[in-house]
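Going by my numbering, the letters in the sequence shown line up with residues 753 to 1137, in that order.
Ideal placement from N, C-alpha and C gives every residue a C-beta, glycine not left out.
In this text the structure is predicted, and so the values were computed from the model without any measurement.
Structure record follows, encoded as structure tokens.
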Amino acid sequence: MSARGAERLRLGHPWIYRSDIRSSDAEPGDLVRIASERGRPIGTGMWSSTSQISLRVLALDDVADERGFFAERLRAALAFRETLGIDATAWRLINAEGDRLPGLIVDVYGEGAGRVAVIQTLTQGMDRRIELLTGVLVDLLSPAGVLARNDPRVRRLEGLPELVTVVRGEVPETVEVREGPIGYVVNLREGQKTGLFLDQRENHAAAAGYARGRGLDAFSYHGGFALRLAGGCDSVLALDSSAPAVAQIAANARHNGLANIEAREANVFDELRELEIARVRFDTIVLDPPAFAKNKASVARAAAGYKEINLRALKLLNPGGVLVTCSCSSNVDETMFYDILIDAAADARVAVSLVDKRAQARDHPILLAAPETHYLKCFVLRKLG
Ligand code: SAH
């Protein structure tokens, strides 16, 4: 490996690019020993034959016993989750790089004997070991079933097919889970991500703390924020452009006995403009759009989109009102998001204070040395009078 690659590895970044590989005879998904240009051993990684990221580093030493190695990493991840006091029955057990297991995601839904693990193997190395990893998971959690939600598009970069299969036991059509005081019925095979946006769990709870007056949850999906705002707000308007999502918000509101939520199918960009024209004003607003910047090339357009919705939301807010604003684009870092919000506030001609700066929930750990893994930004802003 090149000196540049070795330096990245020394700083703790787990990705080694094709251009930094000097030579390799590895097969797709092999566990390989990484050596410096002079032949000094510097770690173990997983080889990808197709991705620009040729190697994902797993350890700085040798891995002799593969099963023992993965069992220990999963056990450590579970032990950490148990320290978090997670007030929910749906949570993330393995967050890829953040748990030193690049390419692997595991979410757990439900409780006790009924719980189901959802696994995603996103690289050739993890995919080749799905049987081994499932075995380790079953030993650790004794779930009723394990579902492979291997339909994310990123698998294409690894030459892997997109498929959803039950890899162990039984996986029911829907699973009932609880997030704080809110109950959800989740379809693990069809929902976005693995069923719910678990990365927003702690931000849902934080937002509940600011809820008052008239609330707006824009890009609501199944109502993650709206259902929490409903406790503190007089009324909540939840917006999503997907008809099934809107139907699910209404069903979830009924399921939780919340009568003050209106779910509306709308394009947020248009609806914010129309609400402004109609002079509707809010006291608590949440913006949680999908990743506008899916790659580096779309960052400028994404920035314009983030600015637009934040500008409009700030205009719709009553003085003293709170805006919880999120971005889950890893290509828009915290500093850039900050600048976009300053720009939006300037154009809206309002003074804004920064009340809280948040990230993805703690069961989705960020790897300090890999800023890309800090993808979710969630700022709590207050419009000053
Ligand atoms: N806030 C949710 C997650 C939102 S995911 C939670 O905490 O659980 C983003 C959502 O935005 C998706 O449900 C998607 O259907 C919706 N969406 C994407 N583009 C949209 C648009 N232009 N207008 C309204 N909704 C949109």
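Compute every distance between the C-beta of residue i and the non-hydrogen atoms of the ligand SAH, then say whether any falls below 8 Å.
| i | result |
| --- | --- |
| Y973 | yes |
| H956 | yes |
| N1019 | yes |
| G791 | no |
| Q1139 | Residue 1139 lies beyond the residue range present for the chain, which begins at 753 and ends at 1137; the question has no answer from this structure. |
| A970 | yes |
| L889 | no |
| F1089 | no |
| G850 | no |
| Q1112 | no |
| G947 | no |
Is the CB-CB distance between residue i and residue j below 9 Å?
| i | j | result |
| --- | --- | --- |
| S987 | A1015 | no |
| G947 | A842 | yes |
| P895 | V918 | no |
| A1043 | S1081 | yes |
| L830 | L845 | yes |
| L979 | L1010 | yes |
| L991 | A959 | no |
| A1138 | F821 | Residue 1138 lies beyond the residue range present for the chain, which begins at 753 and ends at 1137; the question has no answer from this structure. |
| G965 | S801 | no |
| L884 | V923 | no |
| F1176 | L1069 | The requested residue 1176 does not occur in the structure, where the chain is confined to residues 753 to 1137. |
| A840 | G921 | no |
| W799 | A778 | yes |
| E849 | L1119 | yes |
| M878 | G855 | yes |
For a test of the three-state rule: what should DSSP assign to residue i, helix, strand or coil?
| i | result |
| --- | --- |
| L915 | strand |
| V888 | helix |
| D851 | helix |
| E789 | coil |
| F949 | coil |
| K1046 | coil |
| G820 | helix |
| R881 | coil |
| R908 | helix |
| Y936 | strand |
| I768 | strand |
| Q1000 | helix |
| Y1090 | helix |
| A958 | helix |
| R941 | coil |
| E1017 | strand |
Is residue i near the ligand NAD, judged by its Cβ being under 8 Å from some heavy atom?
| i | result |
| --- | --- |
| A1055 | This structure does not include the ligand NAD; its bound ligands are the ligand SAH. |
Pull up the distance between the alpha-carbon of residue i and that of residue j, whole angstroms please.
| i | j | result |
| --- | --- | --- |
| L783 | V916 | 25 Å |
| G1072 | L1066 | 11 Å |
| I1138 | I773 | For residue 1138 there is no data in the structure shown, the boundaries of the chain being 753 and 1137. |
| G975 | L968 | 11 Å |
| A970 | I1037 | 8 Å |
| G1168 | E1017 | One cannot answer for residue 1168 here, as it falls past the ends of the chain, which runs 753 to 1137. |
| G764 | G795 | 11 Å |
| P793 | D813 | 8 Å |
| P913 | A869 | 21 Å |
| L826 | L889 | 8 Å |
| T875 | S993 | 31 Å |
| A1045 | Y1058 | 10 Å |
| V809 | R762 | 11 Å |
Can you check which of these residues, the options, is closest to residue i by C-alpha distance?
| i | options | result |
| --- | --- | --- |
| F1089 | F977, A811, N1062 | N1062 |
| H1126 | T1087, A1011, H1007, G943 | T1087 |
| A1128 | L807, G837, P1117, W767 | It is Leu, not Ala, that sits at residue 1128 in the sequence shown. Residue P1117 is the option with its Cα nearest to L1128. |
| D1115 | E863, I838, A1100 | I838 |
| I1029 | K945, D1035, L885, R1064 | R1064 |
| A1052 | S994, N1083, Q872, L1027 | N1083 |
| E759 | A1121, V1132, F1131, L1133 | A1121 |
| A1055 | L1093, R1033, I1013 | L1093 |
| E925 | E942, I934, G932, E931 | E942 |
| Q1000 | Q944, N1047, Q952, F1034 | Q944 |
| R880 | I768, P780, V906, R930 | P780 |
| P1161 | L909, W767, R756 | Residue 1161 lies beyond the stretch modelled for the chain, which goes from 753 to 1137, so this question has no answer here. |
| R833 | L893, S788, S775 | L893 |
Is there at least one Cβ from chain B nearer than 9 Å to residue i's Cβ?
| i | result |
| --- | --- |
| A840 | No chain B is part of this structure, which consists of one protein chain only. |
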